[in-house]
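To start, the structure under review is shown below, and the notes come after it.
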Amino acid sequence: MSDEKIKCNPGYAKTLQGAINIAVLVCAAVCFILIQFSGEEGVYGTSAGNWASLLCIIGMCFNGIFLASGMLNMEIWACFKYADIGFSIGLSFCFATAAIDLSLKASGKSDALGGCAAVPAFFAMILYGIKAYKLIKPIYLFTYQIFTFLIQHQRGGEKFVYG
127 MSDEKIKCNP GYAKTLQGAI NIAVLVCAAV CFILIQFSGE EGVYGTSAGN WASLLCIIGM
187 CFNGIFLASG MLNMEIWACF KYADIGFSIG LSFCFATAAI DLSLKASGKS DALGGCAAVP
247 AFFAMILYGI KAYKLIKPIY LFTYQIFTFL IQHQRGGEKF VYG
């Protein structure tokens, strides 16, 4: 058994990745609260309200895990970064659909709180997109460098053999 202690890194919250994780948690919580308070006359209980509420709950659960693991300087799985990329891309798209659906449903019912819930959903969509871009960018640059290396060596007459 290891005697290594888990150490908290509060400086993670000051990094861009930590700030985005916290902002997404806040946006999802605000969106969820606004949907729940919109009442039976509003978007609460409709397909738009249920869809957005489900996304908020899923987003808060997974983002809480990503935030906690970032604060504790640990990766839960070897493919943790790739899971975060896929999760961010998927939820960015899903929050876009939920925000559009919330705004349309709220305008049809004249529901101010339901319409206001679309605003943090749009912000969550933007934040998830930024998060995914920041995670994908180093991978993209690495593959770009590999391809340019291969092209340069092919033009020079040298054959690149992997393995």
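Read in order, the letters of the sequence shown correspond to residues 127 to 289 in the numbering used here.
Each residue gets a CB set at the ideal place from its N, CA and C atoms; glycine is no exception.
Since the model is a prediction, treat every value here as computed from it, not as a measurement.
Output needed for residue i: all residues of its chain with C-beta closer than 6 Å, excluding positions within five of it in sequence on either side, in chain order.
i    : result
A244 : A225, L228, S229
F249 : C153
N199 : N135
Nearest-angstrom Cα distance between residue i and residue j?
i    : j    : result
E92  : N176 : There is no way to answer for residue 92, as the model of the chain reaches only from 127 to 289.
P246 : Y270 : 35 Å
F158 : T172 : 14 Å
K133 : G240 : 41 Å
N135 : L217 : 27 Å
K257 : T223 : 18 Å
A174 : K231 : 7 Å
G210 : M197 : Checking the displayed sequence, the identity of residue 210 turns out to be Asp instead of Gly. Near 15 Å, if we compare the C-alpha coordinates of M197 and D210.
K235 : V169 : 8 Å
G190 : Q143 : 13 Å
How is residue i classed by DSSP in three states: helix, strand or coil?
i    : result
I191 : helix
D259 : Looking at the sequence provided, one finds Tyr at residue 259 rather than Asp. Here Y259 sits in helix by DSSP.
I183 : helix
I277 : helix
C242 : helix
I252 : helix
I272 : helix
I265 : helix
Which residues in the same chain have their Cβ closer than 7 Å to the Cβ of residue i, if we skip the five residues on either side of it in sequence?
i    : result
L253 : I146, A149, V150, C153
F221 : L181, A247, A250, M251, Y254
F213 : F188
Between which two residues does the alpha helix (DSSP H) holding residue i run?
i    : result
Y170 : First-last for Y170: undefined, no H or E at that position.
L142 : 142 to 163
L198 : Per DSSP, L198 belongs to no alpha helix (DSSP H) and is neither H nor E.
A225 : 206 to 235
What residues in its chain sit with their C-beta under 8 Å from that of residue i, if we drop five residues either side in the sequence?
i    : result
L186 : Residue 186 is actually Met in this sequence, not Leu. Result list for M186: L151, A154, A155, F158, in chain order.
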